[in-house]
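The structure appears right after this line, and notes come after that.
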Ligand SMILES: Nc1ncnc2c1ncn2[C@@H]1O[C@H](COP(=O)(O)OP(=O)(O)OP(=O)(O)O)[C@@H](O)[C@H]1O
Ligand SMILES: [Mg+2]
């Protein structure tokens, strides 16, 4: 008699539960939206049709995805470069730490969305605003965590390097940086989620371009089914980028896993 | 007092046999040590007796009644202390009593008494993170003792301690066990410790975990470490157990 | 503390606080001078302060309005997030069913949902509460889940060996063990709750700080803008510091 292994049985149970729960949600959604007036929200069946039309027939969605992704990657990339640099500087030099700390603390705590009106005055309502907002949203967690990570590297580890007469540069790259990596990655991940909020926030609140802008435009025209399509794309983009970051992190920190 | 009858254990349906037909009796007031190579199932057996793990086959009887759940007659001392980090020493010691529904004033009084018994006066309000390893182990011991169990299950309680603290606590344990008339099932890796403390030594083998031999320990109580160690019977027993364990290790 | 590049003797003798204060003074002065040269862009501190005092009533009203919504939304998020996080950590069915939604919604910026939210519940107080709940409940859920999940199984077993019931294990082991992790979620969550409300006020709001900032921004009144923006930053710092103090009070066993 073929006896299903416990794990397989469990996996089958899990997936039936997930799919079953998803079906219940979808049916409830379909029925509740069909019951009321059309203006409120679209049933899943219509969203599916809209998804098909917008992605495979009209294709607008891809060009807007590119617009959003481009601003995101430019801003986040710049934030990483600036954040790592300033963070290391603050971690390694007390003067830099003391001088910069008040601003980093303030800007980290400040909801960057609140800076949008200021940015409008400085840059006008245009595409650059998104990149600047992404940088402002994500650079401070990166700075803060990098600085903390570099600063708190175990003194004894550094002494190991010194005992082998390693140069200062060698110590920095072979000891301080790897030891600080867990916190640096924590900063990168926080920065990532702030950056996503920054780019979509700017698109929805001021610039009305990209995927965020598409959501607003469809909502303004009460094209409810269409509105869900860019939302789905934003979610997919966000999940993919986050998964990519986690992936990158496990590759980079492999030795920590091996430790176990 | 304690009767382990034909206990088997597998952790999953098609997993390996971890314990194979364990049979064992422990009399009232007896101190029995379990010795065996790492991974032979000592912790598993102790947890089955404690009621923390279900046996796959066989039964455990306590005072003639089948025992499958934790109960007030039993208390376990864990290898890694397992103190609750968010409780002060006295509240850790009072923990078992609290769970068993003893009123606050009473349980704190009892806890204070047992802290004193283990020389921990003055550390009542320290958190585990603020005391040494030996003190943590004593708090763990006091916590188990405070519930006034009939049967103490101790899993390598002194494994993580330095030699001095260890000897000190061994004497302490021997004294308390005698004065409280405790029945003890004691897991250890140290042959010396087993001989010094117990009335009987049970040696277990590996793959599957099973009982190989039992040795009675011939020394009178109360014992002193120096006298026991100087006795020629000590060296002989020690050697017998050692040879057996070495053989068992090389079999793998 | 690792000091790879030891500073010259001078810094070692100056107390850090003095350096920080000096840094702030220099920047404020520089801003004043630069701002006077081009006031339309960045205004300058004295003018910002004056504008702040002139509009004090409006600003206070806006902050009260905003923080009312933050308070309600945050309270819902903390309660709901802790409950759901606990449920996911302890009841497998709950975890399996909710996992995909929590994971996707946690990484997706919830700002995306604001047009939908407006169409569903309008633009009143409820919208601001809803957005702050959406923004802050996921960090609460995830951190509570991770915290409860990481409470050592050995401690649970210890409690069981003393005949602890399920409820008493929850009360004496799981809840205290999860407190530090829950506070991590609460510190992230409070800022997110504020962001959620401000987003709602900026897209739809007729009231609150977000709306006020839009009004000031619309007429290029940068001198009016900076006051409330800075105040928001200080409030955020204050709230997270307050939570840290509360944590030290509730969880004094951590070093
Ligand atoms: N929860 C578990 N699931 C599966 N296998 C387990 C589990 N706990 C223990 N085992 C296995 O059961 C066997 C016995 O483990 P146990 O911890 O009882 O050994 P032990 O004699 O206490 O060893 P040590 O002296 O190292 O503490 C080991 O092979 C171990 O891998
Ligand atoms: Mg063991």
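Protein chains in written order, with the numbering used here: chain A, 1 to 260; chain B, 1 to 252; chain C, 1 to 255.
Even glycine gets a Cβ: it sits at the ideal position worked out from N, Cα and C.
Query: Under the rule that 16 or more other beta-carbon atoms within 10 Å means buried, what is residue 155 of chain A, buried or exposed?; Result: exposed
Query: List, in chain order, every chain A residue whose beta-carbon is nearer than 8 Å to that of residue 97 of chain C.; Result: 17, 18 and 21
Query: What would DSSP say about residue 150 of chain B, mapped onto helix, strand or coil?; Result: coil
Query: Pull every residue with its beta-carbon under 5 Å away from any heavy atom of ligand 1, and keep them in chain order.; Result: B/11, B/18, B/38, B/39, B/40, B/41, B/42, B/43 and B/44
Query: For residue 25 of chain B, which option in B/38, B/56 and B/64 has the closest C-alpha, if you only look at C-alpha atoms?; Result: B/64
Query: Can you name the residues of chain C whose CB is closer than 7 Å to the CB of residue 147 of chain B?; Result: 162
Query: Taking the straight line between their C-alpha atoms, what separation do you get for residue 2 of chain A and residue 12 of chain A?; Result: At residue 2 of chain A, the pLDDT of 46 sits below 50, so the modelled position is not reliable; the number obtained from the coordinates is stated separately. Rounded to the nearest angstrom, the two C-alpha atoms are 16 Å apart.
Query: Do residue 146 of chain A and residue 87 of chain A count as a contact pair if the criterion is CB distance below 9 Å?; Result: yes
Query: Look at residue 35 of chain B and residue 201 of chain B and say whether their C-beta atoms are less than 9 Å apart.; Result: yes
Query: State the start and end residues of the unbroken beta strand (DSSP E) segment that holds residue 75 of chain B.; Result: 74-77
Query: Note down, in chain order, every chain A residue with its Cβ under 8 Å from the Cβ of residue 19 of chain C.; Result: 95, 98 and 99
Query: Terminal residues of the continuous beta strand (DSSP E) containing residue 201 of chain B?; Result: 200-205
Query: When you measure from the CB of residue 137 of chain B to every non-hydrogen atom of ligand 2, does any distance come out below 8 Å?; Result: no
Query: For residue 26 of chain B, which three-state DSSP category applies?; Result: strand
Query: For residue 245 of chain B, which option in B/37, B/11, B/4 and B/6 has the closest C-alpha, if you only look at C-alpha atoms?; Result: B/37
Query: What do you reckon, is the C-beta of residue 199 of chain B under 8 Å from a heavy atom of ligand 2?; Result: no
Query: Apart from the five residues just before and just after residue 249 of chain A, which ones in its own chain have a Cβ nearer than 6 Å to its Cβ?; Result: 185
Query: Going by alpha carbons, who is nearest to residue 125 of chain C out of C/112, C/211, C/145 and C/164?; Result: C/211
Query: So what's residue 128 of chain C in DSSP terms, helix, strand or just coil?; Result: helix
Query: Between which two residues does the beta strand (DSSP E) holding residue 99 of chain B run?; Result: Residue 99 of chain B -> not in any beta strand (DSSP E); alpha helix (DSSP H) instead, spanning 95-99.
Query: Using the three-state DSSP reduction, which class does residue 156 of chain B fall into: helix, strand or coil?; Result: coil
Query: Starting from residue 186 of chain B, trace the beta strand (DSSP E) both ways and give me its first and last residue.; Result: 183-187
Query: Please list, in chain order, the chain A residues whose beta carbon lies closer than 8 Å to that of residue 191 of chain C.; Result: 109 and 111
Query: Can you tell me whether residue 187 of chain B sits near ligand 3, meaning its C-beta is under 8 Å from at least one heavy atom of the ligand?; Result: As presented, the structure is devoid of ligand 3, carrying ligand 1 and ligand 2 as its sole ligands.
Query: What are the partner residues of residue 8 of chain B, as DSSP defines its beta bridges?; Result: B/57
Query: Residue 107 of chain A: which of C/56, C/252, C/236 and C/253 sits nearest, CA to CA?; Result: C/236
Query: Residue 150 of chain C touches chain F at which residues, Cβ-Cβ below 9 Å?; Result: Of the protein chains in the structure, A, B and C, none is chain F.
Query: Grab me the residues of residue 58 of chain B's own chain with a C-beta within less than 8 Å of its C-beta, minus the 5 sequence neighbours each way, in chain order.; Result: 4, 5, 6, 7, 8, 21 and 22
Query: Distance, Cα to Cα, residue 251 of chain B vs residue 41 of chain B?; Result: 16 Å
Query: Residue 193 of chain A: which of A/235, A/229 and A/55 sits nearest, CA to CA?; Result: A/235
Query: Any residues in the segment 217-237 of chain C with a beta carbon nearer than 7 Å to a beta carbon of chain A? Which ones, in chain order?; Result: 217, 220, 222, 225, 229, 232, 233, 236 and 237
Query: For residue 178 of chain C, tell me which candidate among C/250, C/195, C/35 and C/26 has the shortest Cα-Cα distance.; Result: C/250
Query: Measure the C-alpha to C-alpha separation of residue 103 of chain C and residue 238 of chain A and round it to an integer number of angstroms.; Result: 11 Å
Query: Can you tell me whether residue 154 of chain C sits near ligand 2, meaning its C-beta is under 8 Å from at least one heavy atom of the ligand?; Result: no
Query: In its own chain, which residues sit with a C-beta less than 7 Å from the C-beta of residue 17 of chain B, not counting the 5 before and 5 after it?; Result: 8, 10 and 208
Query: Where does residue 272 of chain B sit, in a helix, a strand or coil, going by DSSP?; Result: In the structure displayed, chain B extends from 1 to 252; residue 272 of chain B sits before or after that span and is not available.
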